[in-house]
């Protein structure tokens with residue numbers, strides 16, 4: 238029942254986050270269009286954001302899915318070791334894609350839109366900064382800190398939007414640099430917020446002598462590799478690899494039209510900017526309702542039911558709850 242309540246709360250909070258995200262993004266686009274051209278908007282909202290979502294999703298989604306499955310049975314030090322592998326994975330994915338974005342794909346005129354290369358490098362760096370908080374994100378989700386994600390992601394988004402709006406007013410000719418600075422600030426806020434929250438939470442739990450978390454201090458997050466102890470859970474690692482292959486297909490299906498625009502130059506940058514604005518309005522229902530329900534539903538079923546175990550061998554209470 239607690240898990241069902243948590244899943245319902247998580248879905249509600251995620252819907253609120255999605256609504257706030259869409260409203261802020263819409264208002265931001267409407268505002269910055271008064272200060273920059275449609276070409277610049279297309280480069281930022283399609284080209285750079287596509288790079289960001291691609292590297293981010295492929296680097297972390299497989300780890301999140303696998304590590305949140307049957308979290309009660311986890312050897313958490315081994316799981317934390319595994320989660321840290323998302324950082325080198327992001328480098329392996331981000332560096333080649335960054336080179337593709339800079340040296341192979343069509344690039345904007347540097348005299349009209351300077352700092353494009355810096356924008357690409359910053360985008361990949363932002364993903365790596367955010368992945369520094371990935372172990373804490375997974376621990377927070379596994380132990381039902383449902384509001385934490387909403388507050389931190391919402392705060393990060395608000396900071397990026399406000400900072401970008403202010404800076405674009407002051408420096409309209411340096412839009413890509415403004416985007417890069419805003420994105421870096423938001424990513425640093427995201428990561429620091431997780432560490433500050435859990436630092437306070439662990440200290441508070443220590444005073445109460447009741448710490449439900451699998452870490453006793455932030456130092457417990459440092460990866461430890463010993464031959465006889467705290468290696469990497471092989472079953473979770475195999476599951477991660479399986480999910481990573483699935484995420485490639487899911488990402489292509491989700492962002493397929495943007496990949497077509499980016500790889501085959503079927504639209505100008507200005508047309509891409511207009512398309513992005515219209516497409517965001519057309520996908521409101523899916524983003525508001527179905528995505529939060531999918532995320533919360535997965536978290537619920539992954540923790541209630543045991544993977545690769547027949548229904549007859551599951552706990553009756555768990556099967557009844559999930560039904």
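In my numbering, the protein residues as written are 238 to 560. In this text, a Cβ means the ideal position worked out from N, Cα and C, and glycines have one as well.
Of the candidates 504, 280, 484 and 534, the residue whose Cα lies closest to the Cα of residue 298 is 484.
The C-alpha of residue 276 is placed about 42 Å away from the C-alpha of residue 317. Residue 433 and residue 439 have their alpha carbons spaced roughly 10 Å apart.
In this chain, the alpha helix (DSSP H) harbouring residue 333 covers 323–336. The shortest CA-to-CA distance from residue 304 to any of 531, 450 and 474 is the one to 474. Under the three-state reduction of DSSP, residue 282 is assigned to helix. Check the Cα spacing between residue 279 and each of 510, 534 and 514: the tightest is with 510. In the assembly as shown, residue 431 is a buried residue. Its beta-carbon has 16 or more other beta-carbons within 10 Å. One alpha carbon belongs to residue 417, the other to residue 355, and they sit about 8 Å apart. Distance from residue 370 to residue 428 at the Cβ level is roughly 4 Å; contact confirmed, criterion being Cβ atoms closer than 8 Å.
Residue 365 carries a helical assignment under DSSP once its states are collapsed to helix, strand and coil. The three-state secondary structure of residue 512, taken from DSSP, is helix. The C-alpha of residue 410 lies about 42 Å from the C-alpha of residue 437. Annotation for residue 257: 391 place their beta carbon closer than 7 Å to its own, counting only its chain and skipping 5 residues before and after.
Nearest to residue 456 by alpha-carbon distance, out of 352, 372 and 341, is 372.
Where residue 405 is concerned, the enclosing alpha helix (DSSP H) starts and stops at 383–407. CA-to-CA, the gap between residue 255 and residue 531 works out to about 13 Å.
Between the alpha carbons of residue 398 and residue 271 lies a gap of roughly 15 Å.
The Cβ neighbour count for residue 406, taken over all protein chains shown within 10 Å, is under 16; the residue is labelled exposed.
Around the beta carbon of residue 513, 16 or more other beta carbons sit within 10 angstroms, so the residue counts as buried. The beta carbon of residue 268 sits closer than 7 Å to the beta carbons of 402 from its chain, once the five residues preceding and following it are set aside; these are given in chain order. The beta carbons of residue 396 and residue 435 sit no closer together than 9 Å.
For residue 498, the uninterrupted alpha helix (DSSP H) run begins and ends at 493–501, by DSSP. Residue 488 and residue 404 have their C-alpha atoms spaced approximately 31 Å apart.
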